[in-house]
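Participant: Note that the protein sequences, when read in sequence, are chains A and B.
First residue of the first sequence? That's 24 in the numbering used here, and the numbers climb one at a time after it.
First residue of the second sequence? That's 24 in the numbering used here, and the numbers climb one at a time after it.
Even for Gly, the Cβ is constructed at its ideal location relative to N, Cα and C.
Protein chains: 2
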Amino acid sequence: MSIQTRRERERAERERLIVTAARELAEAEGWDAVTTRRLAAEIEYSQPVLYRHFKGKDAIMAAVAVEGCAELAAELREVRAGSAGPAEALANVAACYAGFGDRRPALYDAMFTHAVDLPFATPEAPAPLREAFGELRDTLRPFAGEDDLEVLTETFWSALHGLVTLMRDGRMRREHHERRLAVLIRRFSN
Amino acid sequence: MSIQTRRERERAERERLIVTAARELAEAEGWDAVTTRRLAAEIEYSQPVLYRHFKGKDAIMAAVAVEGCAELAAELREVRAGSAGPAEALANVAACYAGFGDRRPALYDAMFTHAVDLPFATPEAPAPLREAFGELRDTLRPFAGEDDLEVLTETFWSALHGLVTLMRDGRMRREHHERRLAVLIRRFSN
DNA sequence: CAACTTCGCTAGCACTGCTAGAATCGCTGC
DNA sequence: GCAGCGATTCTAGCAGTGCTAGCGAAGTTG
């Protein structure tokens with residue numbers, strides 16, 4: 024069985040190599056720069072190798088997206104844990120989310136902008152996605168009041184998502200970002 | 024001057040023809056189907072003609088986006104005018120905005136998702152964009168309280184934008200849409 | 001009616017995601 | 001140690017993309 028396992032290990036390693044290369048290339052030069060040729064050159068294999076691991080470019084992006092969600096979830100968790108009280112947690116988590124989207128636009132796009140056939144709002148969604156959403160939900164729990172927590176979280180998430188994307192594409196003035204965040208938090212914290 | 028004006032008129036007509044064809048094709052089959060070849064065939068000219076009118080495909084999308092904004096502004100204005108009181112106006116305008124995005128996904132994408140080099144949050148922004156934003160602003164004015172109206176409007180817009188895009192791409196459950204809208208409106212109406 | 005200007009078209013470039021089939025590698029049994 | 005065999009990787013190519021150089025055919029002007 025040794026040969027078999029070694030092959031599987033190598034295969035898994037190369038799969039990670041692909042995802043990592045795709046992600047780094049995207050973060051450095053944007054997704055437009057991530058062509059199958061370029062990516063193949065980066066991992067020092069030929070193009071068809073990519074297709075032995077993933078169904079296509081979109082599947083690679085989906086893998087990157089899952090990785091990104093895991094990272095986002097970790098960042099949110101840390102920030103939430105380091106906050107003194109629900110109000111501070113809400114503000115910190117919101118700022119953290121927005122900062123993440125702003126700091127890693129390509130990664131954020133793969134996660135939440137690019138149309139990708141990942142199951143999202145279902146039990147079959149990859150764990151990292153559910154964890155990231157769970158962080159938001161736990162942060163909002165103290166502020167739910169009579170609202171359904173799940174629905175409230177989706178709404179708050181929507182607002183954060185809008186803030187990130189509209190600002191990043193230059194549709195809203197960057198210099199108002201902090202004030203918009205403040206407004207959002209104030210409106211959602213009672 | 025007659026020949027000159029006739030030529031300009033013909034040129035303007037063809038420009039409208041291009042924009043209309045692009046828009047209809049996009050709404051019918053999505054932006055992926057709007058290739059320069061396909062579009063050229065649709066208007067019964069050859070490809071290079073497109074480039075005598077627009078710098079490239081993005082510029083055509085931008086023109087479609089401006090048209091879409093004019094339409095959105097008109098819809099919002101009508102709905103707002105037909106509302107009895109600020110609270111109803113807020114609910115109606117929000118629902119109208121979301122409905123617009125959901126009903127015309129391709130058009131909405133050109134306006135607010137696709138990266139396009141239109142000036143947005145500046146005085147030089149095309150009138151339709153400013154009008155659409157103005158409708159939102161006027162709707163929110165009664166609820167500004169101590170918040171800056173411009174900032175508040177941007178924040179509310181972000182939330183609506185997030186609701187539309189995240190739901191449309193399947194990242195949030197469609198069946199919660201009404202409840203999310205209700206939560207958003209309640210949180211922003213005091 | 002000839003010269004000219006303007007304009008749209010044909011043909012083609014460099015690139016994209018993706019894939020069939022050849023070639024090469026490493027493992028296996030003799 | 002080596003021939004044969006499978007699995008795997010590569011070469012080469014397809015059909016499509018946005019975009020453009022330069023030719024040819026109009027319509028316009030003297």
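1. Excluding the 5 residues flanking A:A148 on each side, which residues of the same chain have their C-beta closer than 6 Å to its C-beta?
2. Any idea what DSSP makes of B:A138, helix, strand or coil?
3. Span of the alpha helix (DSSP H) holding B:V180?
4. Do B:V174 and A:H137 count as a contact pair if the criterion is CB distance below 7 Å?
5. B:W180 and B:L159: beta carbons closer than 7 Å?
6. Which residues in the same chain as B:L183 place their Cβ atom closer than 7 Å to its Cβ, once the five residues preceding and following it in sequence are excluded?
7. Which of the three DSSP states is assigned to A:F143 in this structure?
8. At 7 Å on the CB atoms, spell out the chain A contacts of B:H199, in chain order.
9. Nearest to A:P128 by alpha carbon, out of A:P71, A:G108, A:M190, A:R164?
10. Note down, in chain order, each residue of its chain lying with its Cβ closer than 6 Å to the Cβ of A:P109, except the 5 sequence neighbours on either side.
11. Is the segment 52-66 of chain B touching the segment 90-109 of chain B, taking contact as three or more C-beta pairs under 8 Å?
12. In the DSSP assignment, the alpha helix (DSSP H) including A:T59 goes from what residue to what residue?
13. Report yes if the CB atom of B:I66 is closer than 7 Å to the CB atom of B:A51, and no otherwise.
14. Determine, using beta carbons only, whether A:V139 and A:A86 come nearer to each other than 7 Å.
15. Can you tell which of A:V89, A:R34, A:T188 has its C-alpha closest to the C-alpha of A:H76?
16. Going by alpha carbons, who is nearest to B:R100 out of B:E38, B:N115, B:G185, B:R197?
17. Can you tell me whether A:E169 is helix, strand or coil according to DSSP?
18. Does A:R75 come within less than 7 Å of chain B when only Cβ atoms are used?
19. If I follow the unbroken alpha helix (DSSP H) through B:A118, where does it start and stop?
20. Within the 7 Å Cβ cut-off, does A:R160 reach chain B?
21. Can you find a CB in chain B that lies within less than 7 Å of the CB of A:R202?
22. I need the DSSP call for B:A148, collapsed to helix, strand or coil.
23. If B:A112 sits next to B:T162, beta carbons under 8 Å apart, how far is it from one beta carbon to the other, in whole angstroms?
24. For B:M84, name the three-state secondary structure that DSSP assigns.
25. Roughly how far, in whole angstroms, is the beta-carbon of B:Y131 from the beta-carbon of B:V72, given that I think they are within contact range, below 8 Å?
26. For A:P151, count the other beta carbons within 10 Å of its own beta carbon; 16 or more makes it buried, fewer makes it exposed. Which is it?
27. Which same chain residues end up closer than 8 Å to A:D171 when comparing Cβ atoms and leaving out the 5 residues on each side of it in sequence?
28. Buried or exposed, going by whether 16 or more other CB atoms sit within 10 Å of the CB of A:T145?
29. Looking at the unbroken alpha helix (DSSP H) that takes in A:H76, where does it start and where does it end?
30. Whole angstroms is fine: what's the gap from A:E94's alpha carbon to A:L40's?
31. Any Cβ of chain A within less than 7 Å of the Cβ of B:V116?
32. Does DSSP put A:G91 in a helix, a strand or coil?
Facilitator: In short:
1. Within its own chain, the residues whose Cβ lies closer than 6 Å to the Cβ of A:A148, once the five positions on either side in sequence are excluded, are P142, listed in chain order.
2. In this structure, B:A138 counts as coil in the three-state DSSP scheme.
3. Correcting the residue identity first, residue 180 of chain B is Trp in this sequence and not Val. For B:W180, the enclosing alpha helix (DSSP H) covers residues 172-191.
4. Taking 7 Å as the cut-off, the beta carbon of A:H137 is found no closer than this to the beta carbon of B:V174.
5. For B:W180 and B:L159, yes; Cβs fall inside 7 Å.
6. These residues qualify, in order along the chain: A117, Y120, A121.
7. Residue state for A:F143 is assigned as coil, using DSSP reduced to three classes.
8. In chain order: V174, E177.
9. Nearest of A:P71, A:G108, A:M190, A:R164 to A:P128, Cα basis: A:M190.
10. Hits under 6 Å: P165.
11. The answer is no - the segment 90-109 of chain B does not touch the segment 52-66 of chain B, with fewer than three Cβ pairs under 8 Å.
12. That run of the alpha helix (DSSP H) goes 59-66.
13. Inclusion of B:I66 and B:A51 in the CB contact set at 7 Å is not warranted, their separation being larger than that value.
14. The beta carbons of A:V139 and A:A86 sit no closer together than 7 Å.
15. Taking only the C-alpha atoms, the option nearest A:H76 is A:R34.
16. Of B:E38, B:N115, B:G185, B:R197, the residue nearest in Cα terms is B:N115.
17. A:E169: coil per DSSP, three-state reduction.
18. So no, A:R75 is outside the interface.
19. For B:A118, the enclosing alpha helix (DSSP H) stretches over residues 109-126.
20. No - not a single Cβ of chain B is within 7 Å of the one on A:R160.
21. By this cut-off, A:R202 is an interface position.
22. Here B:A148 carries a coil assignment [DSSP, helix/strand/coil].
23. Taking 8 Å as the upper bound for CB-CB distance, B:A112 and B:T162 are in contact here, some 5 Å apart.
24. B:M84: helix per DSSP, three-state reduction.
25. About 28 Å; that fails the 8 Å criterion.
26. Answer is buried; the Cβ neighbour count reaches 16.
27. Closer than 8 Å at Cβ, skipping near neighbours: no residue.
28. Of the residues assessed, A:T145 falls on the exposed side of the cut-off, its CB having fewer than 16 other CB atoms within 10 angstroms.
29. First-last of the alpha helix (DSSP H) with A:H76: 70-76.
30. Their Cα atoms are separated by approximately 17 Å.
31. The beta carbon of B:V116 sits no closer than 7 Å to any beta carbon of chain A.
32. Helix at A:G91.
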